[in-house]
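**Q** Here the working numbering is used: the first residue of the sequence shown is 25, the next is one more, and so on.
Glycine included, C-beta positions come from ideal geometry on N, C-alpha and C.
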Amino acid sequence: MCRWMAYTGDSVYIETLLYEPEHSLVHQSLGARKSEVTVNADGFGLGWYDAREEPGLYHEVMPAWSDCNLKNLAHHIRSNLFFAHVRASTGTATNRTNCHPFSYKNWLFMHNGQIGEYDKLRWHLDRLIPENLYSFRRGATDSEIIFLLMIANGLETNVNKAITSTLKQIETLMEQNGITEPLRFASTLSDGDKLTVIRYSSDHQSPTIYSKSFDRHIVVGSEPLELSGDGWTLIPEGHIATLDPTQPFHSSALF
Numbered sequence: 025m026c027r028w029m030a031y032t033g034d035s036v037y038i039e040t041l042l043y044e045p046e047h048s049l050v051h052q053s054l055g056a057r058k059s060e061v062t063v064n065a066d067g068f069g070l071g072w073y074d075a076r077e078e079p080g081l082y083h084e085v086m087p088a089w090s091d092c093n094l095k096n097l098a099h100h101i102r103s104n105l106f107f108a109h110v111r112a113s114t115g116t117a118t119n120r121t122n123c124h125p126f127s128y129k130n131w132l133f134m135h136n137g138q139i140g141e142y143d144k145l146r147w148h149l150d151r152l153i154p155e156n157l158y159s160f161r162r163g164a165t166d167s168e169i170i171f172l173l174m175i176a177n178g179l180e181t182n183v184n185k186a187i188t189s190t191l192k193q194i195e196t197l198m199e200q201n202g203i204t205e206p207l208r209f210a211s212t213l214s215d216g217d218k219l220t221v222i223r224y225s226s227d228h229q230s231p232t233i234y235s236k237s238f239d240r241h242i243v244v245g246s247e248p249l250e251l252s253g254d255g256w257t258l259i260p261e262g263h264i265a266t267l268d269p270t271q272p273f274h275s276s277a278l279f
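(1) Run the CB neighbour count on Asp-34, radius 10 Å, all protein chains shown included, and call it buried at 16 or more, exposed below.
(2) Whose CA, out of Asp-91, Lys-129, Thr-232 and Gly-71, lies closest to the CA of Leu-179?
(3) Looking at Gly-69 and Pro-154, is the spacing between their C-beta atoms short of 8 Å?
(4) Taking Cβ to Cβ, would you say Thr-188 is nearer than 8 Å to Leu-278?
(5) Of all the options Thr-121, Met-134 and Asp-166, which has the alpha carbon lying nearest to the alpha carbon of Tyr-280?
(6) Counting pairs of Cβ atoms below 8 Å between the region 94-102 and the region 166-175, do you hit three or more?
(7) Out of Val-85, Met-134, Thr-121 and Arg-161, point me to the one whose CA is closest to Val-244's CA.
(8) The alpha helix (DSSP H) with Gly-189 in it runs from where to where?
(9) May I ask you to list the residues that DSSP assigns as paired with Val-221?
(10) Taking DSSP as the reference, what is the three-state secondary structure of Asn-96?
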C-alpha cells in the first residue's frame, strides 16, 4: 500500500519534513513499517500551496529516494500546507498521471487503499463521473475516480457530506456487482485552508493514519515520522478529522 504525509502550519521548507526526520516519507518509501508492502517505488508526488490560489504539483515515476530534482525542490520550496505521496501500485500503470496527489482548482487529494476488485467496477465507476468533470479524469486509478466523485457530490460546499455520499455510492455499486473484496480508504484532502483526513474501510481494517500536533503545526501521515512513535495519535477507524494547528485534535465518526 502507498505511504503519504501532509503538513499544515507555519511556512517551512518542505525538506524539513520530507527528508530530515529519521523515519521520513522518503525513508518509508524504502522501508515502510506499518504496511504489507515495504517498498513504495511506483512513482511519487508532491503538492503544495503558496501565494497562488491553485496548488503546485510535481509528479515523477522513478522512486522518491533516487530523484535529485525532488530533493532540490524540497530544499527551496516553502509552504504552510503541503502533501507528499509515495506509490505502491495496486494494479494500474506506473506513470505520472497515476501519481498522487490529484488536484482540481484549489483542491488537493491523495489516498492509500483500494476499491475492491476495481477492474470489474471501473467501467461502472467511470459512468458515474459527470460529463463536466470527465476531462479531469487523466489517469486510470481508483483514487482519482473517488476524488472526482467527491467533487460531483458537492465537495466544494459540504466536505463531510460529499465524502460520506461518495463512499456509500461506491459501496452500493460494489454490492450490486457482488464484490466482496473490501473498500479501504485512508485519505487526506485540502482546499488550501483546511486539512481533512479520513480513515474508513468496509471491513474495519483501514490503512493507518497518524497525526501529531506541535506548537504551531500539525503533521499527519501513514506512519509516524519518528521511529519511536512518541506523541503520534492513530486516527480511529471510521473517523474524519479537520486539522487546525490552533485547535486541540478532535475526530468524529464518519457515519
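**A** On the basis of the coordinates in this document:
(1) exposed
(2) Lys-129
(3) no
(4) yes
(5) With the chain running from 25 to 279 in the structure shown, residue 280 is simply not present.
(6) no
(7) Met-134
(8) First, the residue type needs correcting, since residue 189 is Ser and not Gly in the sequence shown. Counting along the chain, the alpha helix (DSSP H) containing Ser-189 begins and ends at 183-200.
(9) Thr-212 and Ala-265
(10) helix
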